[in-house]
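Enquirer: Structure below; questions to follow.
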Amino acid sequence: MMRVTTMPTRPFGDDKPREECGVFGVYGHKDSAAHTALGLHALQHRGQEATGIVSFDGAQFHSHRGLGLVGDNFGSASVIGRLKGHSAIGHVRYSTSGETILRNVQPLFAEFASGGFAIAHNGNLTNAVTVRDRLVARGCLFQSTSDTEVIIHLIAISHRATVVDRLIDALNQIHGAYSLVALTNDAMIGVRDPFGVRPLVLGAIEGAPVIASETCALDILGAEFIRDVAPGEMVVVTDGGIESLKPFGPSRSRFCIFEYVYFSRPDSTVEGASVYETRKRIGAELARETAVSADMVVPVPDSGVPAAIGYAAESGQPFELGIIRNHYVGRTFIEPTDQIRHLGVKLKHNANAPSLAGKRVVLIDDSIVRGITATKIVEMVRNAGAAEVHMRIASPPTAHSCFYGVDTPARDKLLAARHDIAGMAAYIGVDSLAFVSLDGLYRAVSARRRDAAAPTYCDACFSGDYPIPLVDHEGGSDSRQLSLLAEAG
Ligand code: AMP
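In our numbering, the protein residues as written are 38 to 526.
Next up, the structure:
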């Protein structure tokens with residue numbers, strides 16, 4: 038059932054959570070669809086709203102896309118069997134702006150005069166609305182409300198000769214963060230934006246090239262890791278081998294530091310560093326900067342565990358599992374409404390009361406965004422009888438929204454944008470609250486302090502220093518009408 042409404046909707050410009058996604062592709066392997074499904078399963082933490090795979094069998098493209106988890110959509114042999122071919126790409130998606138509808142589920146697919154083209158995108162384009170308005174004015178008809186479709190239209194109208202050159206032409210007209218994987222009749226293409234904001238790695242399984250968001254997607258297959266795709270690099274995989282292009286001129290890496298803090302899986306190695314070891318080092322920095330006298334160090338599971346291990350080792354205080362997590366509930370943050378998010382925390386965590394009673398507790402988590410999780414956890418720990426509850430956070434205060442593909446709400450919903458640290462402590466109900474400094478975070482991640490004139494990471498969520506222009510927001514165009522069609526259920 039579809040309904041047409043005259044209400045303006047803002048598919049990628051409102052205050053709802055933004056997408057954070059995972060991409061995967063394999064070229065030249067008889068089990069390409071099955072491998073892609075497994076790779077996406079390993080990347081499930083990057084998005085649980087929807088998933089899709091497009092394969093190519095040398096004559097025809099095959100597609101299966103659906104809402105929900107990878108296992109729910111690609112768990113059956115018959116679905117994988119229908120995705121024929123030696124090459125496939127796939128995507129896991131976190132919803133953007135409430136538009137969780139099938140026509141937005143990636144990979145998106147288009148038929149050009151030169152053949153088929155499928156594309157999967159992790160990131161967020163910052164001038165998509167502006168470019169889309171221009172394209173609509175000249176007659177382009179958009180099928181989805183996804184910013185990624187802008188790239189397809191720019192390819193379609195490019196005057197360049199080959200698909201690769203058209204894609205380069207298209208990407209030269211957009212701003213934003215993107216790690217893309219695309220599949221054409223004769224190539225798989227991986228590309229990272231010039232700042233390399235989102236991760237992308239190159240690997241191989243039994244000689245077949247693989248492109249994935251994170252190394253954990255290689256590990257699940259027993260595939261070897263070759264290297265990171267470099268910022269601003271395009272890798273073109275064909276029967277002739279792997280070609281590396283640098284189509285955007287010189288680039289300067291501004292990898293998203295929040296991938297280390299929260300988003301990437303701890304067993305992944307990103308940009309040469311183990312995520313797990315990095316999180317432990319952040320915890321150690323946190324202890325050096327903010328340690329408080331306490332009887333036990335308790336992580337908010339699972340996201341606070343590595344930092345709590347590092348904090349406990351550095352402070353010499355015992356690490357205890359004072360909160361137990363039920364693993365059969367999705368991430369709290371993923372739930373669509375604040376009301377459900379509250380419920381999600383209760384569903385997901387329970388205090389280990391016998392261990393906490395009468396104790397001075399230091400709770401460790403990776404970040405505070407809205408402050409909902411922390412408030413509920415603190416209440417739970419107090420109700421379990423803790424004598425004191427201190428909270429230490431393994432990232433600086435998240436005071437600015439991300440426009441480059443990590444899900445953060447609008448600024449006025451960020452606790453750190455509304456309160457100073459004392460106000461935040463009062464809001465979440467702790468005896469004390471402290472965050473690792475931005476310099477401390479840099480030391481843990483790169484063994485160097487932050488160079489304010491030339492930071493080596495994108496840390497905009499903490500610093501407000503946005504390396505890529507926010508074209509749509511500067512022009513106020515995020516409030517313009519973008520889609521008149523709302524699809525029901
Ligand atoms: P909140 O209740 O909004 O303060 O949520 C903060 C919690 O959500 C933290 O403990 C993180 O583990 C987790 N988190 C932080 N950033 C994100 C994100 N972009 N997407 C999903 N979960 C997140």
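C-beta: ideal position from N, C-alpha, C; glycine also.
Quick caveat, the model's predicted, so the values are computed rather than measured.
Could you tell me the boundaries of the alpha helix (DSSP H) in which P433 lies?
Expert: Unbroken run through P433: none, as it is neither H nor E.
Enquirer: Excluding the 5 residues preceding and the 5 following L172 in the sequence, name in chain order all residues of the same chain whose CB lies nearer than 6 Å to its CB.
Expert: H190
Enquirer: Rounded to whole angstroms, what is the Cα-Cα separation between P506 and E261?
Expert: 36 Å
Enquirer: Going by DSSP in three states, E308 sits in which element: helix, strand or coil?
Expert: coil
Enquirer: At the 9 Å Cβ level, is A489 part of the contact set with chain B, yes or no?
Expert: Here chain B cannot be found, since the structure has a single protein chain.
Enquirer: Can you give me the start and stop residues for the alpha helix (DSSP H) that R419 sits inside?
Expert: I409 to N420
Enquirer: Around the Cβ of R486, are there at least 16 other Cβ atoms within 10 angstroms (buried) or fewer (exposed)?
Expert: exposed
Enquirer: When we look at the beta-carbon of R302 and count the other beta-carbons within 10 Å, is it buried (16 or more) or exposed?
Expert: buried
Enquirer: Report yes if the C-beta of L384 is less than 8 Å from at least one heavy atom of the ligand AMP; otherwise report no.
Expert: Every heavy atom of the ligand AMP is 8 Å or more from the Cβ of L384, so no.
Enquirer: Among the candidates A249, L220 and F292, whose CA atom is the shortest distance from the CA of Q97?
Expert: Measuring from the Cα of Q97, the nearest candidate turns out to be L220.
Enquirer: Once DSSP output is grouped into helix, strand and coil, what is the label at H72?
Expert: Secondary structure at H72: helix, using DSSP grouped into helix, strand and coil.
Enquirer: I need the straight-line Cα distance from C439 to Y503, nearest angstrom please.
Expert: 9 Å
Enquirer: Measure the C-alpha to C-alpha separation of P231 and A193 and round it to an integer number of angstroms.
Expert: Distance between the alpha carbons of P231 and A193: 22 Å.
Enquirer: Check I294 in the structure and name its three-state DSSP category.
Expert: helix
Enquirer: Rounded to whole angstroms, what's the CA-CA distance from R318 to V337? Just pull it up for me.
Expert: 17 Å
Enquirer: When we look at the beta-carbon of D109 and count the other beta-carbons within 10 Å, is it buried (16 or more) or exposed?
Expert: With fewer than 16 other CB atoms across the displayed protein chains lying within 10 angstroms of its CB, D109 is exposed.
Enquirer: For a minimum of 3 consecutive residues, which ranges assigned as the beta strand (DSSP E) are wholly contained in the region 165-244?
Expert: 213-221, 225-229 and 238-242
Enquirer: With M225 and I156 assumed to form a contact (beta carbons below 8 Å), what rounded beta-carbon distance in angstroms separates them?
Expert: With a Cβ gap of about 11 Å, M225 and I156 do not count as contacting.
Enquirer: So if DSSP puts R362 in a beta bridge, which residue, or which two residues, is it bridged to?
Expert: H386
Enquirer: Let me know if A210 comes out buried or exposed under the rule of 16 or more other beta-carbons within 10 Å of its beta-carbon.
Expert: Note on identity: in this sequence residue 210 is Gln, with Ala being the wrong assignment. So Q210 counts as exposed.
Enquirer: By a C-beta neighbour count over all protein chains shown, 10 Å radius and 16 as the cutoff for buried, is T369 buried or exposed?
Expert: Summary for T369: the model assigns pLDDT 48, below 50, so the residue's position carries little reliability; its value from the coordinates is reported in the next sentence. Buried is the call here.
Enquirer: Taking 6 Å as the limit between beta carbons, can you name the residues of its chain near S89, skipping five residues before and five after?
Expert: Checking the displayed sequence, the identity of residue 89 turns out to be Gly instead of Ser. For G89, where only same-chain residues beyond five positions count, the Cβ hits under 6 Å are R102, H128, V142, Q143 and P144.
Enquirer: Note down, in chain order, each residue of its chain lying with its Cβ closer than 7 Å to the Cβ of D184, except the 5 sequence neighbours on either side.
Expert: F49, N161, L162 and A165
Enquirer: Return helix, strand or coil for R289, following the three-state DSSP convention.
Expert: coil
Enquirer: In this structure, does DSSP put T95 in helix, strand or coil?
Expert: What sits at residue 95 in the sequence shown is Gly, not Thr. Residue state, collapsed to three classes: coil.
Enquirer: Check each candidate in E86, Y479 and V91 and name the one with the smallest Cα separation from Y528.
Expert: Since the first residue of the chain shown is 38 and the last is 526, residue 528 is not available in this structure.
Enquirer: By Cβ distance below 7 Å, which residues in the same chain neighbour V508 in space, the five residues on each side in sequence not counted?
Expert: Excluding positions up to five away in sequence, the list reads T163, N164, T167 and H212.
Enquirer: Which residue marks the beginning of the alpha helix (DSSP H) containing N110, and which one marks its end?
Expert: V107 to F111
Enquirer: Under the rule that 16 or more other beta-carbon atoms within 10 Å means buried, what is I405, buried or exposed?
Expert: buried
Enquirer: Quick one: residues in its chain with C-beta nearer than 7 Å to the C-beta of P433, no 5 flanking neighbours on either side, listed in chain order?
Expert: F472, V473, S474, L475, L478 and F499
Enquirer: Does the Cβ of H196 have 16 or more other Cβ atoms within 10 Å, making it buried, or fewer, making it exposed?
Expert: exposed
Enquirer: Does the beta carbon of T199 fall short of 8 Å from some heavy atom of the ligand MG?
Expert: What this structure holds is the ligand AMP, not the ligand MG.
Enquirer: Between the C-alpha atoms of Y22 and A345, what's the straight-line distance to the nearest angstrom?
Expert: Limits of the chain in this structure are 38 at one end and 526 at the other, which puts residue 22 out of reach.
Enquirer: Can you give me the C-alpha to C-alpha distance between D496 and S469, rounded to a whole angstrom?
Expert: Straight-line Cα distance between these residues: approximately 25 Å.
Enquirer: With a threshold of 8 Å on Cβ separation, who are the neighbours of G341 within its own chain once the five nearest residues in sequence on each side are excluded?
Expert: The residues are L400, I401, D402, D403 and A431.
Enquirer: Would you kindly report the start and end of the unbroken alpha helix (DSSP H) that includes F499?
Expert: A497 to S500
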